[in-house]
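Contents: one structure, followed by commentary.
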Amino acid sequence: MRALTWQGTNRLSVETLPDPELINPRDVIVRVKLSSVCGSDLHLLDGYVPTMHAGDVLGHEFLGEVVEAGSGVTQFSRGDRVIAISILGCGDCQPCQRQEFSCCDNSNPNPTFTQELYGHACTGIFGYSHAFGGYAGSHATYVRVPFADVNLFKVPEGISDEKALFVSDAVPTGYYGADIADIEPGDTVAVWGCGGVGQMAIRSAYLMGAEQVIAIDRFEDRLHLARKQGGAIGLNYTQHDIHDALLSLTGGRGPDRCIDCVGMEAHSEHKLEDVYDRTKQMMRLQTERGAALRQAIHSCRKGGTVSVLGVYAGFMDKFPIGAVVNKALTMKSGQQPGQRYVERIFEHIQAGELDPSYLMTHTASLEDGPQGYAMFKHKSDDCLRVVFAP
Ligand SMILES: [Zn+2]
Ligand SMILES: [Zn+2]
């Protein structure tokens, strides 16, 4: 099969690899029809996530067709049109039994690295380094899906491929971020980062009762989509003092719920903070640039909630714990346990309340994968997401 592989920092190539095979009875092999880039892939590309090996296949958001199912698979057979949740659960361990699929104890066959770094082994993720299981990703002709009955979902009739694709990763991530923010009717929600996940967090916040959503980014095309598709108020942080603007939009209180969809490669308009973070990150003295998260904590109203979806891998400097404690903030975070939400999300799509297909601003053949990622990384041609059709 053909596959888009990571070869080193900022080096990708399309290679011919052996087709995946069933390894366990609960596996399914999916022929990939659409596979999207994701902002979290950029951290792999930029070399911020360790344990990537040359030749690893990228990609964790995809839609396709079942071609082969193991003997232990009960719900899928050849020909089913499916999406897979990017973060892998087993369905049987204690976290999975509690529907906390992204805390699964069984889906990562390489537990040592995260056990050392975080105190516990983390869950397996498609195409996301050996620390997260070493699973081959979906930018390929075929992909092996472990624990298929838990992680695969049939796409209901009447929902197009373009609408269903992002239910694999971007939609449930944004939806989860809004869900854990404990939004109450009438709330103002601020969302940092208007990439695919941010766009979905904006939409989800409204679905959960937010009265006003404020979107923060520096790219006008993304802010435009946040306004037009999401119904948000867009703030460009290169033009506004965000803290002042958020206070004046909320009667001086600050947003009730803040959602960070930026993560470890945040940019800052605060020159000293930006230089400090970049220098420390470059010298490997910190792994995270935390400008977006610091601002979310700084602006959140007293007693509010900060929900963190952005990718963070290790350690951040100048973490404002004083503001968290003295403003009585609740912080919540996590990788998405999308298995919990898929059915509800498909219902929103069927009811016309949600249409994620606008995230797909560009399509390309898998053979043009490296160029697709370059376009996505540099956000050229107003690129929000590139979707490959193997
Ligand atoms: Zn992702
Ligand atoms: Zn599990």
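Numbering (numbering that gives the first Met the number 0), first residue to last: 0 to 389.
For every residue, glycine included, the Cβ atom is placed at its ideal position computed from N, Cα and C.
Note that the structure is a prediction, hence the values are computed from the model and not measured.
Contact between cysteine 193 and leucine 151 fails: their C-beta atoms lie close to 30 Å from each other, not under 8 Å.
Looking at the DSSP output, aspartate 240 sits in no beta bridge, so it has no partner there. In this structure, serine 39 has its CB closer than 7 Å to one or more heavy atoms of ligand 1. Excluding its 5 nearest sequence neighbours in each direction, alanine 130 has C-beta neighbours in its own chain below 7 Å: Pro49, Thr50, Asn109, Phe112, Thr113, listed in chain order.
For ligand 1, no non-hydrogen atom lies closer than 7 Å to the CB of aspartate 259.
Residues of the same chain with a CB within less than 6 Å of the CB of phenylalanine 165, apart from the 5 flanking positions on each side, are Pro355, Leu358 in chain order. Leucine 292 has its alpha-carbon roughly 29 Å from the corresponding atom of glycine 136. Contact annotation: leucine 353 and histidine 361 have beta-carbon atoms that are not nearer than 8 Å. With fewer than 16 neighbouring CB atoms inside 10 Å of its own CB, proline 155 falls in the exposed class.
Counting along the chain, the unbroken alpha helix (DSSP H) around glutamine 198 starts and ends at 195-206. From the listed residues Val324, Gly303, Met330, Gly351, the smallest Cα separation to glutamate 183 is found for Gly303. Listed in chain order, the beta strand (DSSP E) elements of length 3 or more contained wholly in the region 220-265 are 232-235, 256-259.
The set of residues with CB atoms less than 7 Å from any heavy atom of ligand 2 reads, in chain order, Gly88, Cys89, Gly90, Asp91, Cys92, Pro94, Cys95, Phe100, Cys103, Asp104, Asn105, Ser106.
Taken from the Cβ of serine 128, every heavy atom of ligand 1 lies 7 Å or farther away. Taking 8 Å as the cut-off, the Cβ atoms of cysteine 299 and proline 336 do not count as close. Annotated three-state conformation of phenylalanine 375 is helix, per DSSP. Approximately 6 Å separates the beta-carbon atoms of alanine 214 and leucine 222; this is inside 8 Å, confirming the contact. In the structure shown, valine 170 falls within a helical segment according to DSSP collapsed to helix, strand and coil. In the structure shown, the three-state DSSP call for glycine 7 is strand. In the three-state reduction of the DSSP assignment, glutamine 114 falls in the helix class, which pools H, G and I.
Our two residues, glycine 176 and serine 332, have alpha carbons roughly 8 Å apart in a direct line. Distance from the CA atom of glycine 289 to the CA atom of asparagine 107, rounded to whole angstroms, is 28 Å. Only buried fits asparagine 105, as 16 or more other CB atoms lie within 10 angstroms of its CB. When Cβ pairs closer than 8 Å are counted between the two stretches, the region 9-29 is seen to touch the region 48-68, the count reaching three or more. Bridge partners of histidine 297 according to DSSP: none are assigned.
DSSP, read as helix, strand or coil, puts isoleucine 213 in strand. In the assembly as shown, methionine 282 is an exposed residue. Its beta-carbon has fewer than 16 other beta-carbons within 10 Å. Between the region 262-277 and the region 319-327, the count of Cβ pairs shorter than 8 Å is below three; the stretches do not touch. Where leucine 44 is concerned, the enclosing alpha helix (DSSP H) starts and stops at 38-44. Cβ-Cβ distances below 8 Å link isoleucine 124 to His59, Ser85, Ile86, Leu87, Phe131, Gly132, Tyr134, Gln334 in the same chain, with the five nearest sequence neighbours on each side left out; the list follows chain order.
Remark: the C-beta of serine 85 is in contact range of ligand 1, defined as less than 7 Å to any heavy atom. Remark: C-beta atoms of valine 29 and glycine 78 do not approach each other more closely than 8 Å.
At least one heavy atom of ligand 1 falls within 7 Å of the beta-carbon of histidine 59. With 16 or more neighbouring CB atoms inside 10 Å of its own CB, serine 128 falls in the buried class. Isoleucine 82: member of the beta strand (DSSP E) spanning 80-83, first to last residue.
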